[in-house]
Each structure stands twice: as C-alpha cells, then as structure tokens.
Amino acid sequence: MTEHFVGQYRAFASNGAAGAPEWLRSLRERAITRFVEVGFPSTRLEQWRFTNVQSIAETPFTLRAARWDAGRVPLGAVVTTLGEAIQRWPDLVRAHLARYAPVEANPFTALATAFLADGLLVHVPAGTVVDEPIQLTCRIPPGAGRPMAHPRLLIVLERAAQAKVVEVFDAADGVSLTNAVTEVVLEDGAQLDLCREQREGAQSYHIATTQSHQGRDSRFVFTTIALGANLSRHDINAVLDGSGAYLILNGLSVLGQRQHVDYHTTIEHAQPHCESHEYFNGIFDGESHGVFNGRIIVRPGAQRTDSKQTNNNLLLSETARADSQPQLEIYADDVKCTHGSTVGPLDPTALFYLRSRGLGAAEARGLLTYGFGAEILDRVVIPGVRERLDRVIRDRLGVPELAPAL
Amino acid sequence: MTPPMLEITDLHASVEGNEILRGVSLTVRTGEVHAIMGPNGSGKSTLAQVLAGHPAYAVTAGSVRYDGKDLLDMDPEERAREGIFLAFQYPVSIRGITNSYFLRSAVNAIRKHKGLDELDPLDFLQVLEDKLKVIGWDDSLMNRAVNEGFSGGEKKRNEILQLAVLEPRLSILDETDSGLDIDALKTVAEAVNKLRGPDRSFIVVTHYQRLLNYIVPDHVHVLAEGRIVKSGGKALALALEEKGYDWLKPAAAAGTTA
C-alpha cells in the first residue's frame, strides 16, 4: 500500500529537495523508513478504530507544494518560509523542527516529515508582544490529478513573547489530501492564542497533527474548528512541561452528509501546578460521524495538576453518530481531574422551555443548536475571528443573524 | 365580577399512560391570585405543565378556555404569545445562548404576534433596564448563558425576571419557592408582588404555606390525587400548615391509596 507514496518520495528526494542540508535530508530518510515500516494505520489499531484511511492509502496522489498566504505580517513577528528559515536561522530551526512531533508517534506524521519542505516558521523574539493576529491560509493549488500536500508550520515564541495566530485550511475542490503538521513551542512565560479553521472541500481528506510544548508559566489557548473535508483526523498533543503552564483546548465540529471527523487529543501534565481545560462540542447532521478521544496523562511528580475535560455531541439526525472516549492516566496523587461527555439529540425539555417563552419550534431548535456552537466560539478571543466563524456556523445551521443583545 | 380569564372544566391528563389529573375544574378571573396546594404527587406540577402545553402530557378529557378560546388547541408558543407564562420548577439551562439574547428573542416573538415592531438591541436594553428597576434587581445574570451554572436561587430569580419582561396576563408559578432560603424567597415574592395588577392573574403552585405569607392569594385550592378537594380563602392555607393534608384526602372509597 505504501509503494506509491515511496515512489513519490524518491522522486521528491532526488529532485529539488536534494538541496536541503544534510540533517534535513537524513530526517526525511528516517521518516520514510519509519513510514514504510508501519504503513498506513488499520482500524485494528485502537487509535484508528473509528477512522478508516484505506481510501487514502489506495489513492495515487501527486505531490504538490501547498500555497501559504501569510497576509501582512504584523510588526515584531517573523513569518518566513521554512526554506528561507533554514538558510537564515539554521540553529533555531534545527533545534525545534520535528523535535516535538516525532516520526514514531503517527504514520501520517512520518509521511509528512518525509516530504518536509513546504511550510512556514513563525518566530517571535523574547519579550516581544505582537497584538495583531498573524493570518495564515494554506491551500492546495488547483490543478489536474489528485494532489497531496504536507504543509508544515513551526511556531516558536521565545521567553515572555506573545502572539495570536490564525491557521486556515481552505476549500479545495476534487479529491485531495492535506497532511499537515504544526509544532508549537512556547518558552517560559510565552503566550499564544492559536485558532485553526479546517474548511476543506467535500471530497478532500484532511489529516493533521498539532503538537505543542510549553515551558514554565506559559499560556496556550488553542481553538480548532472542523467544518469541511470528507474525512478528517486531527491529533492534538499538548505537553505541559514547565510548572504553572496553562492550556485551554477548544474544539467545534459542525458536520453533515457523510462527513467524518476524528479528534484524538492527548494532554500531558509533565510538571506540577499546571492547568488544562478542554472543551469540545460536535454538531452532527445527516450521516456524519464524530469521534472524540481525549487522553489526559498526569506524570509522576506532576502534583497539583488541575485538568478538566468536557465533550458534548449533538446528533441532529437519527443516522448521525458520535463516539466519545475519555482516558485518564494519573500517576500522581494530589491532582484534580474531571471529565464528562454527552451524546444525544436536542433536549425536549429545553425545546419546550424555549417554546413556552414564545419561540416557534423551528426557531427554538435553531437556537439550541447554534448555542452548542456558540459555547465554543465564545471562547475565541482573537479579534474578528469569532465574528467570521459565527457567520459561517449560522450559515451552516440556517440560524438567522441576531445582532448582539448588549 | 370580572369575566373569567381561565376556565378549566373536568380536566383529565396522563403521562406515559398514567392518569395524573382526574377531573380538575377551576375558574380564574382577571386580576386574581390563586394558590394551588397539595401533597407530593397530587398533580400540581402536571396541571401547571398541561396549561403551558408540555407535549409529554396527554389531555384525555375536559376543556380549558382562555379568554374564551380553546387553550388545549394551541401550541406552547401560541399560548406564550397569547400571554401565558410558566415559571418552571426546574428551569432549563441553555448552553451558548446568553440570557439577554434569549429574552430579546422571546420578547420579539411575542411582539411580532401582536403586530408590533421587533425591538432592536438598544430598545430592548431600555425595556430591560426599566423592568429591572421595577423589581429592584441588577443585570448581573443577563450576559451569562441561560441558567448555565446558576445557583438554585439565581434560576428562580431568572424565571421571575423573564416574567417581568414578557408581561404575561396569566402567570403560573410552579413551586417557585422550592429550594429557596427565606431571603431568596422574600426577594422573589417581592418581585412578584410588584408585578401584580388588575389585569394580571396568577396561579401559584406550592407545597408549602410559607410562600403565601408573602404572595397573598385571593383563593386557595387543595389538589389531591388529581382533583381539587377543597377550596377556600387564604385562611385555608394556614389551616393546611397546621393540620397537614391528610384530613383532606379523598375517602378510601375512591379506590386508591395516597
């Protein structure tokens, strides 16, 4: 099953990509070797139980470079292609790239690392506060055939730096594969708001890993929104590796037809006094299917961990489905960890409550459904992004706009 | 005597095949406050829910006329738009929707029904502030998601706030006193008293006489095993407080046990 991809790799490695530095070339070699070793994951693996990627394995994709658009880069931040970054700041790139998202962890990360070439570095130097959001859009360029791209993003915030970043993976028509890896490094005291919006085309496959590594007293707020793709799988692995680190993970999926989304999140509390809050909501209509697997690991010695996880799934049709699996692995004794999940249709009592206040049945259903999404959107703090997403979600759900009340 | 606003005649209702109301008859005139008391399981809350149109209850016999119209023929939202309000015993939380957004949607649904222009956010804010001033509360609950994470007292206050803003003609308070300490109870009762008026009627459903010290009713009815077994003035509530409900239960000859 892997031959076609290996063939693509050989062509890539001998052509154009050959100019990369030795360390990068050997990283790619190691990655493709790993990929060949493990192959595409089968549904027999626990981690892939609900997500069948056989159709990806069987599609003869053609490698294409993703097209990144970084808009106007705000003052204080460096946003540059990885190719340029490797030339100008080789030590910085080498110190972080592929260090947090290891090729061993996931066959798709291995595949992405084998093709590692097109991507961006976002770098904010120590103590620099960048207020204006950095807007990144990634598209697979239109063209013949079935394109695949392996876009890579490396975000490094040095000590006490602050930034806001928006990642958008935009619609591509036709069959395509996006296999994206984002690595986030927050040094001590750094603060990052990251919002990711996946709105790829109806026939596309979207595979992603977001790997974050946080130092002492750092703060990371990550919101991920899944609207598009025929099949999407997103692994989020967050490591709290300095005491006092703080993480908020928000997720919202709004799916219909035969769409499939699979979120696997792992939050690792490696040091004491860290706090993590995870809120994932899913709205599933048609024959869509949502998977949420939320794992929280509290390492030995990570005392005073405070971790909260909730996953709520709303099924709007009889044929929609959601699977929710929390997993707590706690190896310390002085911790506070809670989790909860729900799967079900709209609450009939809530519907009656709204109707008893004068709202029509359809309006009541729309409002309850929209509330499921708004609960997550309200957590998006990047200016302008919440409003834009709000419009997108309202369009999706057919809920008319009501100007903010106060 | 003022004309009847609500006329309930021999009302029977069941939930999941169990008959809960077994022939309730009651007339409420404009401006009156009626208290409905009774032991647990007597059907008090069922009566409240049936009047508001809860779809889980099936009316099997009898009639309810509201302003001369067939109430049972109306959807819950129609009843609300026509001026009926149920303060829930267990108010429902709505994730992601703020109280102010929810209330404005409700106000506009009712205004639209009356052929009035919808309120824009600023007009609504003014209406809200006026109402808050009347009942003497602040707007601290307005920007929170509806009842989400509210304390028991906050939930009940929120119901009364909705009542104040929606200006119903017939308000049904379903055990609004349950779970409230005495201070919270007084706060809620004072607000309700400020909303009383000659063109507004109230049905106050309660298990305890305590609430009726503060919301003084014109009529008191005792519901037991799905029927009104005794009616009287406010003195009846005091008698119930003293003697309990047992002396009023239908005779064993009725064929059921309490």
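Each protein sequence line maps, in turn, to chains A and B. Mapping the first sequence onto this note's numbering, position 169 (from 1) lands on 159, and the numbers just tick up by one. Mapping the second sequence onto this note's numbering, position 38 (from 1) lands on 40, and the numbers just tick up by one. From the three backbone atoms N, C-alpha and C, an ideal C-beta is built for every residue, glycine too. Because the structure is a prediction, the values reported are computed rather than measured.
Check	Outcome
Between Arg142 (chain A) and Ala116 (chain A), how many whole angstroms is the CB-CB distance? I'm expecting something under 8 Å.	Not a contact, Cβ separation roughly 24 Å.
By a C-beta neighbour count over all protein chains shown, 10 Å radius and 16 as the cutoff for buried, is Ile184 (chain B) buried or exposed?	exposed
In three-state terms, what does DSSP make of Ala153 (chain A)?	strand
Looking at the C-beta of Phe210 (chain A), does it have a partner C-beta in chain B at a distance below 8 Å?	no
In this structure, how does DSSP classify Gly(-3) (chain A) when only helix, strand and coil are distinguished?	helix
Mapping DSSP to helix, strand and coil, what is Asn169 (chain A)?	strand
Helix, strand or coil: how does DSSP classify Asp313 (chain A) here?	strand
Give the straight-line distance between the Cα atoms of Val63 (chain A) and Ala1 (chain A), rounded to the nearest whole angstrom.	34 Å
Establish whether the CB of Met(-9) (chain A) and some CB of chain B are separated by less than 8 Å.	no
Using a Cβ-Cβ distance under 8 Å, would Pro394 (chain A) count as near chain B?	Bear in mind that the predicted position of Pro394 (chain A) carries a pLDDT of just 48, short of 50, making it too unreliable to give a figure here.
For the region 18 to 88 of chain A, which segments carrying the beta strand (DSSP E) assignment without a break, of at least 3 residues, lie completely within its bounds, in sequence order?	57 to 59 and 68 to 71
Within a Cβ cutoff of 6 Å, which residues of the same chain sit near Arg311 (chain A), ignoring the five residues on either side of it in sequence?	His279
Buried or exposed: Ile217 (chain B), going by 16 or more other Cβ atoms within 10 Å of its Cβ?	buried
Grouping DSSP H, G and I as helix and E and B as strand, with all else coil, what is Thr213 (chain A)?	strand
What residue range does the beta strand (DSSP E) around Arg229 (chain B) cover?	Arg229 to Gly234
How would you call Asn169 (chain A), buried or exposed, if buried means at least 16 neighbouring beta carbons within 10 angstroms?	buried
How many Å lie between Val231 (chain B) and Ala15 (chain B) at the Cα?	17 Å
For Gln164 (chain B), which residues in chain A fall below 9 Å Cβ to Cβ?	Arg347
For Val229 (chain A), is the classification buried or exposed, using 16 other Cβ atoms within 10 angstroms of its Cβ as the cut-off for buried?	buried
Alpha carbon to alpha carbon, how far is Glu19 (chain A) from Ile366 (chain A)? Give it in angstroms, no decimals.	40 Å
Measure the Cβ-Cβ separation of Asn101 (chain B) and His209 (chain B) and say whether it is below 8 Å.	no
Which residues does DSSP list as the beta-bridge partners of Met7 (chain B)?	Met7 (chain B) is not bridged to any residue.
Return helix, strand or coil for Leu357 (chain A), following the three-state DSSP convention.	helix
So, with DSSP's three-state summary, where would you put Leu349 (chain A)?	coil
Short of 9 Å Cβ to Cβ, which residues in the region 335 to 362 of chain A face chain B?	Asp337, Pro338, Thr339, Ala340, Leu341, Phe342, Tyr343, Leu344, Arg345, Ser346, Arg347, Gly348, Leu349, Gly350, Ala351, Glu353, Ala354, Leu357, Leu358, Tyr360, Gly361 and Phe362
Taking the alpha carbon of Gln204 (chain A) as the reference point, which residue from A:Asp160, A:Leu242 and A:Ile145 has its own alpha carbon closest?	A:Ile145
Within 8 Å of any Cβ in chain B, is that where the Cβ of Ala1 (chain A) sits?	no
Counting only runs that start and end within the region 122 to 147 of chain A, where is the beta strand (DSSP E) found for 3 or more residues in a row?	124 to 129, 137 to 139 and 142 to 147
Counting pairs of beta carbons, one from the region 151 to 159 of chain A and one from the region 87 to 107 of chain A, are three or more of them closer than 8 Å?	no
Please name the residue or residues paired with Cys264 (chain A) in a DSSP beta bridge.	According to DSSP, Cys264 (chain A) bridges with nothing at all.
Where Gly29 (chain A) and Met(-9) (chain A) are concerned, what is the direct C-alpha to C-alpha distance, given to the nearest angstrom?	7 Å
Name the residues in the region 78 to 92 of chain A whose C-beta lies less than 8 Å from a C-beta of chain B; which are they?	none
Is Ala54 (chain B) close to chain A? Criterion is C-beta to C-beta, closer than 8 Å.	yes
Leu121 (chain B) by DSSP, collapsed to three states: which one?	coil
Assuming Ala151 (chain A) contacts Val114 (chain A) under a Cβ cut-off of 8 Å, what Cβ separation, rounded to an integer in Å, is found between them?	4 Å
At the level of alpha carbons, what is the spacing between Ala219 (chain A) and Ala166 (chain B)?	47 Å
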